[in-house]
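> One structure, as structure tokens, below. Some questions next.
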Amino acid sequence: MSKQNPYLNARREWDERYGGLISRARNWQLMAAGSLAVAVVAVVGIAFVGSQSKIQPFVVVTDQLGSPVAVARPAPVARADLDKRLMVAQLAAFIKDVRAMVPDAVAQQVTLNRVYAMAGRDVAGFLNDFFKDNSPFSVDGSVTRVEISSVIPQGGETYQVSWVETKAKPGATAVAEHWKAVVTVGMDAKLAENPKVALWNPFGIYVKSISWTKEVL
């Protein structure tokens, strides 16, 4: 019987003991990598599914008793149409804020803050001159109410705004006047990045130029 080689025996013991450990460790690494890949795919899938809106709005028409008589999905609004509607609404609010006057000085100052947040440099100068001769603050209880009649696009960034002003003083008969303005507007996202401006003008819409005249009917 041949003598056993102690070095071969030691090597064989090392292979059996540590080789098995290495093999098991490698298997665990492969399993961990596979689990991580599955987790990443699952997270991406969940994020994608979560980003898809599952809420479907419906318009329900009811009769006088409140019973539904028609149900339909609203037609999608194009971005251009949405921007146009937003511009029209902001312009109407701007004209109303510029021309209206209330007895409460604090409320009137809030209105002026909104006005100047939408005023471009040239328009701000125009308004400064206008308010020098026409104080926006009521000193005798006078009130000016503004009712917007229409905001009509004139092409490009220009709009025509028509409105009725009703001026009233305590003890006097209210007087209604018809006015019309031509307004040029623009959008600047940087305006909305200014915290002071964003509070009053979150969309970054500003008025480039404005002129108005009283209509003679």
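For the sequence shown, our numbering gives the first residue as 584, with consecutive numbering after it.
Backbone N, C-alpha and C define an ideal beta-carbon position, used for all residues, glycine too.
Say whether chain D places a C-beta atom closer than 9 Å to the C-beta of D705.
The structure shown contains no chain D, having only a single protein chain.
> Determine the extent of the alpha helix (DSSP H) in which E776 is found, giving its start and end residues.
Counting along the chain, the alpha helix (DSSP H) containing E776 begins and ends at 772 to 776.
> Among V744, K773, K750, which has the Cα closest to the Cα of A700?
Of the candidates V744, K773, K750, the one whose C-alpha sits nearest the C-alpha of A700 is K773.
> For A690, which three-state DSSP category applies?
Three-state DSSP puts A690 in a helix.
> What is the DSSP secondary structure of M614, reduced to helix, strand or coil?
Correct three-state label for M614: helix.
> Using 8 Å as the Cβ pair cut-off and three pairs as the minimum, do the stretch 735 to 742 and the stretch 696 to 712 touch?
Too few Cβ pairs lie closer than 8 Å, so no.
> Alpha carbon to alpha carbon, how far is V660 from P778?
Residue placement at V660 is flagged as unreliable, the pLDDT there being 49, under the threshold of 50; the coordinate-derived value follows with that caveat. Each residue's Cα considered, the two are about 29 Å apart.
> Give me the Cβ distance between W762 and K715, rounded to the nearest whole Å; I'm assuming they're in contact under 8 Å.
Going by Cβ atoms, the distance from W762 to K715 rounds to 19 Å, so no, they are not a contact pair.
> Report the option in V685, E730, F786 whose CA atom is closest to the CA atom of P753.
Nearest of V685, E730, F786 to P753, Cα basis: V685.
> Look up M670 in the DSSP assignment and say whether it is helix, strand or coil.
Helix at M670.
> How many Å lie between V766 and D687 at the Cα?
Answer to the nearest angstrom: the Cα atoms are 28 Å apart.
> Mapping DSSP to helix, strand and coil, what is K752?
Coil.
> So, are the CB atoms of V768 and T749 less than 9 Å apart?
Result no, Cβ atoms of V768 and T749 do not sit closer than 9 Å.
> Where G787 and S725 are concerned, what is the direct C-alpha to C-alpha distance, given to the nearest angstrom?
Rounded to the nearest angstrom, the two C-alpha atoms are 32 Å apart.
> Checking 9 Å against the spacing of the C-beta atoms, do L674 and V729 come in under that value?
Result no, Cβ atoms of L674 and V729 do not sit closer than 9 Å.
> Alpha carbon to alpha carbon, how far is E776 from T756? Give it in angstroms, no decimals.
Going from the Cα of T756 to the Cα of E776 covers about 46 Å.
> When the distance is taken between beta carbons, is R682 closer than 9 Å to W783?
It is not a contact, given that the beta carbons lie outside the stated cut-off.
> Using only the alpha-carbon positions, how far apart do D666 and D680 sit?
Whole-angstrom Cα-Cα distance: 21 Å.
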